[in-house]
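Trainee:
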Amino acid sequence: MKPNKKLLFLILPLLFSLASAGTETVFWQVGSFEEFLQGTLANVSLDTEGELHLAPGARVVFNPEEALALSLAHDRKGNVYIGTGHQGKVFRVDGALHSNLLFTAREPDIFALAAGPDGSLYVGSSPEGKVYRITAEGQSRVFYDPHSKYIWALALDQAGRLYVATGDKGQIFQVDAAGKGTLFFDSKQTHMMCLAFERNGNLLAGSVPNGLIYRITPQGKGFVLYEANLPEIHDLVTDSSGRIYAAALGGAGGKGSPELFVPPPGGAVPGGVTTVTVLASDEVRPGSGTEAQTPPNEGGNPPSFNRPTPVINAIPNFQIPQGRGSLIEILPDSTAETIWNSNSESVFGLAVRGDHILFSTDSNGRIFDMIPGRNAEKLNLVTETHGSLATRLMTEGSDLYVATSNIAQLLRVEQGVAAEGSYESPVKDTKFISHWGVLAWRGEAPGGTTLEFFTRSGNSERPDQTWSDWAGPYRSSNGSPVSSPPARYIQWKAVFHASGASSPTLNDVTVSYLNQNLPPQIRSLNVSTAGERTSPAGSGSAGLPGGPAISIGTSPGASSPGKVPVTLTWQADDPNNDQLVYSLYIKATDEQEWHLLKDKLRQTNYTIEPGSLPDGKYIAKLVASDGESNPPELARESELLSAPFWVDNTPPQVRVLRQNATDGEAEVVFEVEDSTSPLRSAETSLDGKEWKDIVSDDGIVDSRKETFTIRLSKLDAGEHVVSVRAYDTAGNLGVGKAVLRVAPR
Numbered sequence: 036m037k038p039n040k041k042l043l044f045l046i047l048p049l050l051f052s053l054a055s056a057g058t059e060t061v062f063w064q065v066g067s068f069e070e071f072l073q074g075t076l077a078n079v080s081l082d083t084e085g086e087l088h089l090a091p092g093a094r095v096v097f098n099p100e101e102a103l104a105l106s107l108a109h110d111r112k113g114n115v116y117i118g119t120g121h122q123g124k125v126f127r128v129d130g131a132l133h134s135n136l137l138f139t140a141r142e143p144d145i146f147a148l149a150a151g152p153d154g155s156l157y158v159g160s161s162p163e164g165k166v167y168r169i170t171a172e173g174q175s176r177v178f179y180d181p182h183s184k185y186i187w188a189l190a191l192d193q194a195g196r197l198y199v200a201t202g203d204k205g206q207i208f209q210v211d212a213a214g215k216g217t218l219f220f221d222s223k224q225t226h227m228m229c230l231a232f233e234r235n236g237n238l239l240a241g242s243v244p245n246g247l248i249y250r251i252t253p254q255g256k257g258f259v260l261y262e263a264n265l266p267e268i269h270d271l272v273t274d275s276s277g278r279i280y281a282a283a284l285g286g287a288g289g290k291g292s293p294e295l296f297v298p299p300p301g302g303a304v305p306g307g308v309t310t311v312t313v314l315a316s317d318e319v320r321p322g323s324g325t326e327a328q329t330p331p332n333e334g335g336n337p338p339s340f341n342r343p344t345p346v347i348n349a350i351p352n353f354q355i356p357q358g359r360g361s362l363i364e365i366l367p368d369s370t371a372e373t374i375w376n377s378n379s380e381s382v383f384g385l386a387v388r389g390d391h392i393l394f395s396t397d398s399n400g401r402i403f404d405m406i407p408g409r410n411a412e413k414l415n416l417v418t419e420t421h422g423s424l425a426t427r428l429m430t431e432g433s434d435l436y437v438a439t440s441n442i443a444q445l446l447r448v449e450q451g452v453a454a455e456g457s458y459e460s461p462v463k464d465t466k467f468i469s470h471w472g473v474l475a476w477r478g479e480a481p482g483g484t485t486l487e488f489f490t491r492s493g494n495s496e497r498p499d500q501t502w503s504d505w506a507g508p509y510r511s512s513n514g515s516p517v518s519s520p521p522a523r524y525i526q527w528k529a530v531f532h533a534s535g536a537s538s539p540t541l542n543d544v545t546v547s548y549l550n551q552n553l554p555p556q557i558r559s560l561n562v563s564t565a566g567e568r569t570s571p572a573g574s575g576s577a578g579l580p581g582g583p584a585i586s587i588g589t590s591p592g593a594s595s596p597g598k599v600p601v602t603l604t605w606q607a608d609d610p611n612n613d614q615l616v617y618s619l620y621i622k623a624t625d626e627q628e629w630h631l632l633k634d635k636l637r638q639t640n641y642t643i644e645p646g647s648l649p650d651g652k653y654i655a656k657l658v659a660s661d662g663e664s665n666p667p668e669l670a671r672e673s674e675l676l677s678a679p680f681w682v683d684n685t686p687p688q689v690r691v692l693r694q695n696a697t698d699g700e701a702e703v704v705f706e707v708e709d710s711t712s713p714l715r716s717a718e719t720s721l722d723g724k725e726w727k728d729i730v731s732d733d734g735i736v737d738s739r740k741e742t743f744t745i746r747l748s749k750l751d752a753g754e755h756v757v758s759v760r761a762y763d764t765a766g767n768l769g770v771g772k773a774v775l776r777v778a779p780r
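Pasting the structure below:
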């Protein structure tokens, strides 16, 4: 996103001292819905247009000190009930926010609750669970046993019949007021996860593993309304117009396993073991204060059974899905559409408020508010609960209740706006140590409301105790100089202050910075003294294992004779992407001063023509500079020395050691010696005719001194000239000859 032109016009004067340094100033702007979504919200909402404002007030109204809040229900008196795991506890919070432990099941997890019109509460426990009924007077008993491993959902129809959704056989049972149950619907799926009633009395149900949404008539006839492309339908709700909303998800549990809870083999629940003795009676005596009621043992004998101790920080078999999530809308005419989906968030809780659909996710406990529409959906991020998972949503009057897990809490989101909220931006990685310019913002602050900004910086990817403290506040929308110390990472925070029902709004924030100018990196410097470049011996950056690559090479078999130039090639880059220019220097190894060969080079190679340097051993120096992209006081240079190399302009010396000719046969021994370089090849010719390759007497031409023995036969009488020419590795050519006189036979 490009910075707003008007905003830049206002802040450029403040940036002048920064930009005048010559290095390009970078503007980091956060201002879209997607960009703001990367940050952290506290009592702040985000709408589809990318505008932040104070959220409805959200506060924790109950903390049961349990690991998971798995289910919610409310009755006509305004009481809210929370089912938890892994201790099998059910809590009640009344309208005055007084709470107590209402009931404790033998089974560890309470996935399902339903409140009856007579004030009774139905509790579904898992695994190997039962349906318990707790009366308005607080008495409890086993109401129905479906003989199923899991009880996932409970729902009551207008006639007071209870419907029980179970797993792992995917069955729904219908239970009358006397507790007598019958099989109502057998889906042939593994789990039936959720239930909801339509206004006409049809029952809606969602399944695992095929992600099916069923419509079931009061007579138990099922019809598949929709098959999701994800394995689990986790929650279902309907609105007053007959729309159906479904939360579909899929992840680590895979086919056949609901995402919220996957038990270990054998159904055991991790944690310490407590032996609990219960009374053999049909009713559980009401507890006093916050004491829990315990369900009866149907066998009549006091049993012992395994109960987990509280698991607060680690929940081994509670799985936060790592897959995808989607929100599905089904209209009264049965047309269906996915109105929201994510590859990183899963939808768990659903609630309806007017024409709005509210849904919660497992990403920082986010609560979204959407107004679906055929042309475009309006999506707002209402708030973040900062729990790892917002498991359930429930509306009660004008309030929204949210159950979270790890750790379990009950939050109430009320009407109006919070008095104060904050937004923390994502951490910005500027890649290098940077100097900060100004922080500027666009938004509105109605009378009495305020927006304040703070920054902090550090050199670790995640903010920790090594980061600077929050600096600020910065209040000027036109731009305030950032006072955080230079560092690689930076983060800003906006604090919103309300005035009555009015909230400030924030549209975007821009922070400018200037990267520290880092020196160029010369990664290799190669020298070729024989006409062909050699491959780099390695590559790397200064200070790292391997370091810059320095190589020197010769080509052992040049295809054409002649003096060969010295060729230097190099590889270099600049961390700031500055334009680099190069200078080459050279000196003999017995000299003290460097001599400039060539400056202002832009290419990455240079050739020293033959004869330009006297014979000797040399070293080259390459200097890389980013001076063209930076002012003199900030420009940086790097240099690298080559390996020593030889310059050889002198040809090999060829002389005859001995020769003889007898009876048409001759033998000539040549000695070839070079003062500087090894010999590379040699050839011979008789009487100026074709040149032929020869090898030295030791079998390989590779030393500075070699001998060559030439043997000839069937020579005609008279004078003959035997020539030898030799090349050194620098391409210098030396020639010698022997004159033979062959007597007539």
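When we follow my numbering, the leftmost residue of the sequence shown carries the number 36, and every step to the right adds one. Cβ atoms here follow ideal geometry from the backbone N, Cα and C, with glycine treated the same way.
In or out: H88 buried (at least 16 other Cβ within 10 Å) or exposed?
Mentor: Buried.
Trainee: Starting from E267 and walking both ways along the alpha helix (DSSP H), at which residues does that stretch end?
Mentor: Taken as a continuous stretch (DSSP letters only), E267 belongs to no alpha helix (DSSP H), being part of the beta strand (DSSP E) at E267 to T273.
Trainee: What's the gap between the Cα of F403 and the Cα of G662?
Mentor: Taking the straight line from one Cα to the other gives about 52 Å.
Trainee: Just confirm the distance between the C-beta atoms of L474 and V530, as a whole number of angstroms; I'd bet it's less than 8 Å.
Mentor: Wrong, their Cβ atoms sit about 13 Å apart, outside the cutoff.
Trainee: Starting from the Cα of Y617, find the closest Cα among A765, S673 and P779 and give me that residue.
Mentor: Here the closest residue by C-alpha is S673.
Trainee: According to DSSP, is S398 part of a helix, a strand, or is it coil?
Mentor: Residue state, collapsed to three classes: coil.
Trainee: Following the continuous beta strand (DSSP E) through E364, name the residue where it begins and the one where it ends.
Mentor: From DSSP, the beta strand (DSSP E) with E364 extends over R359 to I365.
Trainee: May I ask you to report which of helix, strand or coil DSSP gives S664?
Mentor: Reduced to three states, the DSSP call for S664 is helix.
Trainee: Whole angstroms is fine: what's the gap from V125's alpha carbon to Y167's?
Mentor: Those two C-alpha atoms are separated by around 11 Å.
Trainee: Looking at the structure shown, is E496 part of a helix, part of a strand, or coil, going by DSSP?
Mentor: Here E496 sits in coil by DSSP.
Trainee: Buried or exposed: which applies to G408, given that a residue is buried once 16 or more other Cβ atoms fall within 10 Å of its Cβ?
Mentor: Answer is exposed; the Cβ neighbour count stays below 16.
Trainee: Run through the DSSP bridge pairs and tell me what K413 is partnered with.
Mentor: According to DSSP, which records beta bridges pairwise, K413 is partnered with I406.
Trainee: In whole angstroms, give me the CA-to-CA distance for A765 and T742.
Mentor: Near 19 Å, if we compare the C-alpha coordinates of T742 and A765.
Trainee: Using 8 Å as the threshold, is the segment 502–516 in touch with the segment 550–563, meaning 3 or more CB pairs across them?
Mentor: The segment 502–516, when compared against the segment 550–563, does not touch it at the 8 Å Cβ threshold.
Trainee: Is it the case that the Cβ atoms of P645 and N684 are separated by a distance below 8 Å?
Mentor: Yes.
Trainee: Around the Cβ of S563, are there at least 16 other Cβ atoms within 10 angstroms (buried) or fewer (exposed)?
Mentor: Looking at its Cβ environment, which holds 16 or more other Cβ atoms inside 10 Å, S563 is buried.
Trainee: Are there 16 or more other CB atoms within 10 angstroms of the CB of A386, so buried, or fewer, so exposed?
Mentor: Buried, because 16 or more other Cβ atoms sit within 10 Å of the Cβ of A386.
Trainee: To the nearest angstrom, how far is it from the Cα of Y620 to the Cα of L631?
Mentor: Cα-Cα distance, rounded: 4 Å.
Trainee: Based on DSSP bridge pairs, tell me the residues matched to W605.
Mentor: DSSP, once it has assigned bridges, lists L560 as partnering W605.
Trainee: Report yes if the C-beta distance between A14 and E459 is below 8 Å; otherwise report no.
Mentor: Not covered by the structure: residue 14. The range shown for the chain is 36 to 780.
Trainee: I think S440 touches L103, with their Cβ atoms under 8 Å apart; what is that distance to the nearest whole Å?
Mentor: About 4 Å; that satisfies the 8 Å criterion.
Trainee: Can you give the beta carbon distance from M228 to A263, rounded, assuming they're within the 8 Å contact cut?
Mentor: With a Cβ gap of about 12 Å, M228 and A263 do not count as contacting.
Trainee: Taking contact to mean 3 or more Cβ pairs, one atom from each stretch, closer than 8 Å, check whether the segment 196–210 and the segment 177–187 are in contact.
Mentor: Judged by Cβ distances under 8 Å, the segment 196–210 makes contact with the segment 177–187, as three or more pairs qualify.
Trainee: Can you tell me whether DSSP reads E644 as helix, strand or coil?
Mentor: If DSSP states are grouped into helix, strand and coil, E644 belongs with coil.
Trainee: Is L70 helix, strand or coil by DSSP?
Mentor: Per the sequence shown, residue 70 should be read as Glu rather than Leu. Correct three-state label for E70: helix.
Trainee: Let me know the secondary structure DSSP gives N695 once reduced to three states.
Mentor: N695: strand per DSSP, three-state reduction.
Trainee: Please list the terminal residues of the continuous beta strand (DSSP E) segment that includes F233.
Mentor: With the sequence shown as reference, residue 233 is identified as Glu, and Phe is not the correct amino acid for it. It is not in any beta strand (DSSP E) - E233 carries neither H nor E in the DSSP assignment.
Trainee: Terminal residues of the continuous beta strand (DSSP E) containing H630?
Mentor: From DSSP, the beta strand (DSSP E) with H630 extends over H630 to L636.
Trainee: Beta-carbon separation of F680 and V691 under 8 Å?
Mentor: Going by C-beta atoms, F680 is not nearer than 8 Å to V691.
Trainee: Helix, strand or coil, according to DSSP, for Q614 in the structure here?
Mentor: It is coil, neither helix nor strand.
Trainee: Decide if R510 is buried, meaning its Cβ has at least 16 other Cβ atoms within 10 Å, or exposed.
Mentor: Under this definition R510 is an exposed residue.
Trainee: Which full runs of the beta strand (DSSP E) of 3+ residues lie inside the segment 484–528, going along the chain?
Mentor: DSSP runs (the beta strand (DSSP E)) wholly in the segment 484–528: 485–493 and 506–509.
Trainee: Taking the straight line between their C-alpha atoms, what separation do you get for F68 and A480?
Mentor: Spanning the two alpha carbons is a distance of roughly 20 Å.
Trainee: Going by alpha carbons, who is nearest to Y548 out of V756, F258 and D464?
Mentor: Considering only alpha carbons, the answer is D464.
Trainee: By Cβ distance, which residues of its chain are closer than 8 Å to E496, with the 5 residues on each side in sequence left out?
Mentor: Same-chain partners within the cutoff: V462, D464 and Y524.
Trainee: Taking C-beta to C-beta, are R760 and E718 nearer than 8 Å?
Mentor: Yes, they are a contact pair.
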